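To keep things clear, I will list the structure first and then write my remarks on it.
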Amino acid sequence: MCTTCGCSDDATPRIDGVHQHLHEHTHDHSHGEITHSHAHSHVHDHDHVHDHDHDHDHGHTATRSILKLEEDILAKNNLIAAENRGFFAGRKVLAINLVSSPGSGKTSLLEETIRSLSAKKAIAVIEGDQETENDAQRIRATGVKVVQINTGSGCHLEADSVAVAIKKVDPEQGSIVFIENVGNLVCPALFDLGEAAKVAMLSVTEGEDKPLKYPHMFRAATALIINKIDLLPYLKFDLEKCKENALRVNPALRIFCLSAQMQVGMDAWCDWLIDRSK
Amino acid sequence: MHELSITKNIVAIVNERAKGRKVVRVQLEIGKLSAIVPESIRFCFDVCAKDTCLSGAKLEITEIWPIGRCHSCHQDFSLDLVNAQCPCGSRQFECITGQEMKIKEMEVE
Ligand SMILES: Nc1nc2c(ncn2[C@@H]2O[C@H](COP(=O)(O)OP(=O)(O)OP(=O)(O)O)[C@@H](O)[C@H]2O)c(=O)[nH]1
Ligand SMILES: [Mg+2]
Ligand SMILES: [Zn+2]
Ligand SMILES: [Zn+2]
Ligand SMILES: [Zn+2]
Ligand SMILES: [Zn+2]
Ligand SMILES: [Zn+2]
């Protein structure tokens, strides 16, 4: 570390071995014996005018201090997510965070899953959408407990609103809680909600390269549902290629191909849920 | 635009730690596997920092390239973002870097 001006030589980004303060100009300065060259961004306390690419000697007044944080940017969210996870564990609840682009068929899948499973499993749903209660109403019509979270301009669910919702939905011991995230394949990957698994979904109308375009989501997921396979005869969608792309990003991904609407391929998915919820 | 909420988190954490002192520099470490786009954070930072003790602070972002540690050949390798595979062909590995989303340090006056 440069002890005089306080910049940390080893921790800042380096380009060609020179640390960068992401500042427009580069100049050399020498502090006593050591001369180093960097583009620096700290405000000079000394009011000198310097033309750039020169050497100069100066003392930076060392009134600054550096606080090492090493703190996760999402520490607050992660802490609340851990509490949610504890809540679920306490009730032996399997919590699934369902994510996809808008319209892939998340709500349809939940409706069908509830129809298939509600005789043997208690189910509750937390619906996340920017606006409207529509999805919650569709779920309510199946007879299970549901709470809607509207995120307004927020493009993903965060653990704090889910914490409120799970208390409200009050899931039964041993039940399954589905959290339908806001339709978005980017940021839901970042925000842990306390779920046991993220399940990503894509539909065959979306293109088989989605996993390569949004690798973060497919990497964060435990399982992938490829939905709307009833439409395959009408589309140029290479199902095998899609699976291959998904496994390239995440070799451990469990893949289910199904049609929520036509109730095709639902059994393997439902069995997987039942297995996990034991 | 999730970077806005990410940036708000950054400003909130730093603001709390600054305890009223003026913050001149904030340094982040962002892994390439983290789904955070540094450019977008930069874009949001000045707006979020406005009217806080971070106002005018410089934002430094170190991007961390992902490294995997292979379970079969035990080598560390540079991980391709969309092809999760060791050069030896194995797909069994753990990520040892690349998922960072950290506030590394901050500098106050
Ligand atoms: N052909 C076909 N259509 C489907 C299938 N599943 C869902 N759909 C249709 O796709 C559209 C969107 O379905 P939703 O279940 O509302 O999708 P969603 O992912 O919940 O949508 P958002 O909550 O708005 O992100 C509806 O018109 C469904 O009827 C399917 O398996 N096959
Ligand atoms: Mg929906
Ligand atoms: Zn220096
Ligand atoms: Zn200068
Ligand atoms: Zn200087
Ligand atoms: Zn978001
Ligand atoms: Zn290997």
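Here the protein sequences line up with chains A and B, keeping their order.
Every letter in the first sequence is one number past the one before it in our numbering, and letter 90, counting from 1, is 90.
Every letter in the second sequence is one number past the one before it in our numbering, and letter 42, counting from 1, is 320.
Glycine residues also receive a C-beta, built at the ideal position from the N, C-alpha and C atoms.
Bear in mind the structure is a predicted one, so any value in this text is a computation, not a measurement.
Same chain, Cβ closer than 7 Å to residue i, five either side skipped, listed in chain order
{"i": "residue 307 (chain B)", "result": "340, 342, 378, 380, 382"}
{"i": "residue 347 (chain B)", "result": "354, 371, 372, 374"}
{"i": "residue 263 (chain A)", "result": "112"}
{"i": "residue 247 (chain A)", "result": "253"}
{"i": "residue 198 (chain A)", "result": "97, 99, 220, 221, 222"}
Residue nearest to residue i in terms of C-alpha spacing, selected from the options
{"i": "residue 116 (chain A)", "options": "A:141, A:278, A:228, A:269", "result": "A:269"}
{"i": "residue 291 (chain B)", "options": "A:76, A:140, A:66, A:109", "result": "A:76"}
{"i": "residue 224 (chain A)", "options": "A:250, A:233, A:232, A:205", "result": "A:250"}
{"i": "residue 260 (chain A)", "options": "A:131, A:233, A:203, A:209", "result": "A:203"}
{"i": "residue 205 (chain A)", "options": "A:108, A:169, A:231, A:111", "result": "A:231"}
{"i": "residue 334 (chain B)", "options": "B:314, B:359, B:300", "result": "B:300"}
{"i": "residue 193 (chain A)", "options": "A:186, A:161, A:214, A:200", "result": "A:161"}
{"i": "residue 314 (chain B)", "options": "A:191, A:144, A:166", "result": "A:191"}
{"i": "residue 209 (chain A)", "options": "A:239, A:195, A:136, A:80", "result": "A:239"}
{"i": "residue 74 (chain A)", "options": "A:207, A:216, A:158", "result": "A:158"}
{"i": "residue 200 (chain A)", "options": "A:67, A:264, A:241, A:221", "result": "A:221"}
{"i": "residue 165 (chain A)", "options": "A:211, A:255, A:181, A:153", "result": "A:181"}
Which of helix, strand or coil DSSP assigns to residue i
{"i": "residue 368 (chain B)", "result": "coil"}
{"i": "residue 287 (chain B)", "result": "helix"}
{"i": "residue 26 (chain A)", "result": "In this prediction, residue 26 (chain A) has a pLDDT of 43, which is less than 50 and means its spatial position is unreliable; nothing more can be read from the coordinates."}
{"i": "residue 217 (chain A)", "result": "helix"}
{"i": "residue 137 (chain A)", "result": "helix"}
{"i": "residue 277 (chain A)", "result": "coil"}
{"i": "residue 206 (chain A)", "result": "coil"}
{"i": "residue 100 (chain A)", "result": "strand"}
{"i": "residue 164 (chain A)", "result": "helix"}
{"i": "residue 296 (chain B)", "result": "helix"}
{"i": "residue 158 (chain A)", "result": "coil"}
{"i": "residue 80 (chain A)", "result": "helix"}
{"i": "residue 50 (chain A)", "result": "Because residue 50 (chain A) sits at a pLDDT of 49, beneath the cut-off of 50, its placement in the model cannot be relied upon, and the point is left open."}
{"i": "residue 42 (chain A)", "result": "Unreliable positioning characterises residue 42 (chain A) in this predicted model, as indicated by a pLDDT of 46, which lies under 50. The coordinate reading is nonetheless provided below. In this structure, residue 42 (chain A) counts as coil in the three-state DSSP scheme."}
{"i": "residue 378 (chain B)", "result": "coil"}
{"i": "residue 187 (chain A)", "result": "helix"}
{"i": "residue 245 (chain A)", "result": "helix"}
{"i": "residue 337 (chain B)", "result": "strand"}
Close-in-space but distant-in-sequence residues of the same chain around residue i (CB under 6 Å, 5 per side omitted)
{"i": "residue 326 (chain B)", "result": "285, 286, 289"}
{"i": "residue 168 (chain A)", "result": "147"}
{"i": "residue 133 (chain A)", "result": "148"}
{"i": "residue 338 (chain B)", "result": "305"}
{"i": "residue 211 (chain A)", "result": "218, 245, 246, 249"}
{"i": "residue 236 (chain A)", "result": "none"}
Rounded separation between residue i and residue j - CA only
{"i": "residue 302 (chain B)", "j": "residue 91 (chain A)", "result": "47 Å"}
{"i": "residue 292 (chain A)", "j": "residue 130 (chain A)", "result": "Beyond the ends of chain A as shown, which are 1 and 278, falls residue 292 (chain A); an answer cannot be given."}
{"i": "residue 316 (chain B)", "j": "residue 386 (chain B)", "result": "22 Å"}
{"i": "residue 21 (chain A)", "j": "residue 345 (chain B)", "result": "In this predicted model, residue 21 (chain A) has a pLDDT of only 41, less than 50, meaning its place in the structure is not dependable enough to derive any value."}
{"i": "residue 86 (chain A)", "j": "residue 95 (chain A)", "result": "11 Å"}
{"i": "residue 280 (chain B)", "j": "residue 219 (chain A)", "result": "18 Å"}
{"i": "residue 153 (chain A)", "j": "residue 350 (chain B)", "result": "45 Å"}
{"i": "residue 188 (chain A)", "j": "residue 298 (chain B)", "result": "33 Å"}
{"i": "residue 310 (chain B)", "j": "residue 243 (chain A)", "result": "23 Å"}
{"i": "residue 362 (chain B)", "j": "residue 318 (chain B)", "result": "26 Å"}
{"i": "residue 186 (chain A)", "j": "residue 128 (chain A)", "result": "15 Å"}
Close Cβ partners of residue i (< 8 Å) along its chain, the five nearest in sequence each way excluded
{"i": "residue 336 (chain B)", "result": "302, 303, 304"}
Relative to chain B, which residues along the segment 112-129 of chain A have a C-beta separation below 9 Å, given in chain order? Correct list: empty, as no residue qualifies.
Pull out every residue of the segment 242-262 of chain A whose Cβ sits closer than 9 Å to any Cβ of chain B, in chain order. For the segment 242-262 of chain A, the set of residues with a beta-carbon nearer than 9 Å to any beta-carbon of chain B comprises 245, 247, 248, 249, 250, 251, 252, in chain order.
Anything in the segment 362-382 of chain B with a Cβ closer than 7 Å to a Cβ of chain A? List those residues in chain order, please. The segment 362-382 of chain B vs chain A, Cβ under 7 Å: 362, 369, 379, 380, 381, 382.
Quick one: which residues of the segment 311-333 of chain B get their C-beta closer than 8 Å to a C-beta of chain A? List them in chain order. Per Cβ criterion, the list reads 311, 312, 313, 314.
Using Cβ-Cβ distances below 9 Å, what residues of the segment 167-186 of chain A are close to chain B? Going along the segment 167-186 of chain A in chain order, one finds 184, 186 with a Cβ nearer than 9 Å to chain B.
What are the residues in the segment 68-87 of chain A lying within 9 Å of chain B by C-beta distance? Listed by position along the chain: 68, 69, 70, 71, 72, 73, 74, 75, 76, 77.
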